[in-house]
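In UniProt numbering, the protein residues as written are 1 to 665.
Ideal Cβ positions, reconstructed from N, Cα and C, are used throughout, including at glycine.
Being a predicted model, the structure only gives us computed values, none of them experimental.
Shown next, in structure tokens, is the structure this report addresses.
Structure, rendered in structure tokens:
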């Protein structure tokens, strides 16, 4: 519609102004139409034409001193990524990844920034944004007609290359090369189109050769891409040094007097983005020196104010030898340069030693920084300490940590041994209510029962029979209790056939007067002791296929949770109960199995030791103790909260209905 882009050498200034105004109207109309259709984005083909027209706008601003308002760069339809690139500012992708990129180069001066540490991160972001849509058009097996329809070929080529144009232009605007994986995919796509156009070798693809990475495609596929001279940078013949010296001087005055950074950003961005490196190197030293001093002032402001990062001239457009030549103008002397280089080489040497030394590589980063800082301090003071002196505080720190770890493991082992000892001696009943703490000392093992005299064995058996409670006949089995008993029996003792014959308990050094203490309510909790579990727990785990004539009577005496095994679980020792703190739970043991779903009332203080037949969990509230941990700890509980009347209701807890049934311990 608008024809070809006017030639910079032959067309007049008015021609360029007319062209920019006309294409701006076209883009605005199309953009408004796309917004009305609900698709506010440009296709890859239109994006490529916008790239060419944006480049023309930048060149006319440099050569004919046009204002930005006279070009499409001020049009709302022009994408921000194209505006940033055309004005020589920081790419939009860099701004979107500002946090990650800044972390990569946080310790690097702006004149020493390079693309090497940023290349991989930027390419991955481009692949993530545009890679999937580009891969969707690649075919592994295809067969084209000998003379296909030309119009159909043009439509297919435009549709297929649309996402690939977006990907190639995104890499070009970000200043990166495609990843090695996407280069191979690009070869597959261009090979597919090359086979389609085999009937006419002169047909070219609508992908400018100037924005392609020459290492991405072989020569036969690159031959299908046209060379567009408009994408080439301006040479030194059209660079007017007097005009640019005046622009930089005026921008510096505006910045120093009015604190206006916009003219400085625009002048430096256009200068170093539009001209070739040879032309920039041919500028007078005074122009480059003034430009770099102004650039350093802008970077000092923009690094503190991230909001102005979009206005900053792109550092990568300035050749490194120009950025680094005027470092004395940045208040960075040659001596500072050498000191920074020594620090860099010291860090590199340290990292190499870390790779070679497996012991050093196990140290954390903080310790490595201490070593590097001590080494640098020794170098600055003129001396050089040994590595042993530098690592002494670190070794002292790790030795103390090792001692703490060994003490913790020893404590856990002792707790485990005490718990195991309490389970082995749980079948005896003590004769007094006082609890005597057993010191942690090795026990003296007496002779085996078969080695004892016969008279002494008979006395022990009679004493054990007197201590055992009377046995009552087994009532009618309950299915629920039988299933629970079978599951517990499989985990604790196995079947009766596998169980060992009963032997007299092994005598220990514990006092003979020790017995289970009498439970008392409303008694302040003290630090718990790992006591023996009830003897009724050892009656579980019987075989299912054999009838039992008698079983031990269930101990109906309520017991405190002090007599419940803590198990070999250090995390349970952190509970408020074992820490001696207050907690809001009431512990109930030895409850008979529920015979129906009838809901009975809860226990009340006037009931005394009549604890009822069934309990139902109350409503669970956020912020209370974990009910799963409590059930695992004591078997069956009834929860109460401050200011709540005892009730027996079944409620939903986070959408799940649950009830607790008491069981014999």
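For residue i, the residue or residues it bridges with in DSSP
| i | result |
| --- | --- |
| residue 234 | 275 |
| residue 313 | 89 |
Candidates the options: closest to residue i by CA position
| i | options | result |
| --- | --- | --- |
| residue 115 | 265, 294, 176 and 37 | 176 |
| residue 244 | 113, 332, 289 and 220 | 289 |
| residue 198 | 240, 235, 181 and 143 | 143 |
| residue 297 | 273, 264 and 277 | 264 |
| residue 322 | 188, 287, 302 and 335 | 287 |
| residue 714 | 223, 42 and 239 | Nothing about residue 714 can be read from this structure; the chain reaches only from 1 to 665. |
| residue 315 | 338, 109 and 247 | 109 |
| residue 146 | 93, 200 and 107 | 200 |
| residue 236 | 204, 576, 82 and 276 | 276 |
| residue 6 | 46, 59 and 216 | 59 |
| residue 119 | 130, 100 and 294 | 100 |
| residue 154 | 459, 193 and 18 | 193 |
| residue 64 | 14, 79, 37 and 38 | 14 |
| residue 270 | 39, 180, 168 and 61 | 61 |
| residue 130 | 141, 113, 124 and 167 | 167 |
| residue 186 | 149, 39 and 140 | 140 |
| residue 182 | 30, 217 and 324 | 217 |
| residue 148 | 195, 180 and 102 | 195 |
| residue 299 | 156, 330 and 38 | 330 |
| residue 25 | 327, 89 and 50 | 50 |
| residue 128 | 152, 151, 93 and 156 | 93 |
| residue 674 | 333, 52 and 461 | Since the first residue of the chain shown is 1 and the last is 665, residue 674 is not available in this structure. |
| residue 278 | 31, 80 and 317 | 317 |
| residue 341 | 107, 582 and 66 | 107 |
| residue 81 | 69, 95 and 608 | 95 |
| residue 3 | 23, 579 and 608 | 23 |
| residue 231 | 574, 606, 608 and 8 | 8 |
| residue 20 | 67, 39 and 36 | 67 |
| residue 215 | 339, 184 and 152 | 184 |
| residue 305 | 159, 344, 98 and 31 | 98 |
| residue 180 | 124, 202, 10 and 343 | 124 |
Whole-number beta carbon distance between residue j and residue i, since they are thought to touch under 8 Å
| i | j | result |
| --- | --- | --- |
| residue 86 | residue 135 | That belief does not hold up - the Cβ atoms of residue 86 and residue 135 are roughly 30 Å apart, past 8 Å. |
| residue 239 | residue 313 | Going by Cβ atoms, the distance from residue 239 to residue 313 rounds to 17 Å, so no, they are not a contact pair. |
| residue 233 | residue 84 | Rounded, the Cβ-Cβ distance is 17 Å, inconsistent with contact. |
| residue 122 | residue 174 | 5 Å |
| residue 189 | residue 138 | 5 Å |
| residue 280 | residue 229 | Residue 280 to residue 229, Cβ: 20 Å. No contact. |
| residue 221 | residue 191 | 7 Å |
| residue 253 | residue 283 | Residue 253 to residue 283, Cβ: 20 Å. No contact. |
| residue 207 | residue 170 | Their Cβ separation, rounded to whole angstroms, is 13 Å, which puts residue 207 and residue 170 out of contact at 8 Å. |
| residue 105 | residue 117 | 7 Å |
| residue 45 | residue 57 | With a Cβ gap of about 19 Å, residue 45 and residue 57 do not count as contacting. |
| residue 226 | residue 204 | 5 Å |
| residue 273 | residue 48 | Wrong, their Cβ atoms sit about 19 Å apart, outside the cutoff. |
| residue 337 | residue 111 | Rounded, the Cβ-Cβ distance is 10 Å, inconsistent with contact. |
| residue 251 | residue 294 | 7 Å |
At least 3 beta-carbon pairs within less than 8 Å: the stretch 154-174 vs the stretch 122-136: yes
- request: Please go through the stretch 33-107 and give each complete alpha helix (DSSP H) segment of 4 or more residues, from N-terminal end onward.
  value: 44-63, 80-86, 92-96 and 98-104
task: Check whether the stretch 251-262 touches the stretch 64-84, counting contact only when three or more Cβ pairs, one atom from each stretch, lie closer than 8 Å.
output: no
task: Scan the stretch 157-211 and note each continuous alpha helix (DSSP H) run of 4 residues or more that stays entirely inside, going in chain order.
output: 180-196
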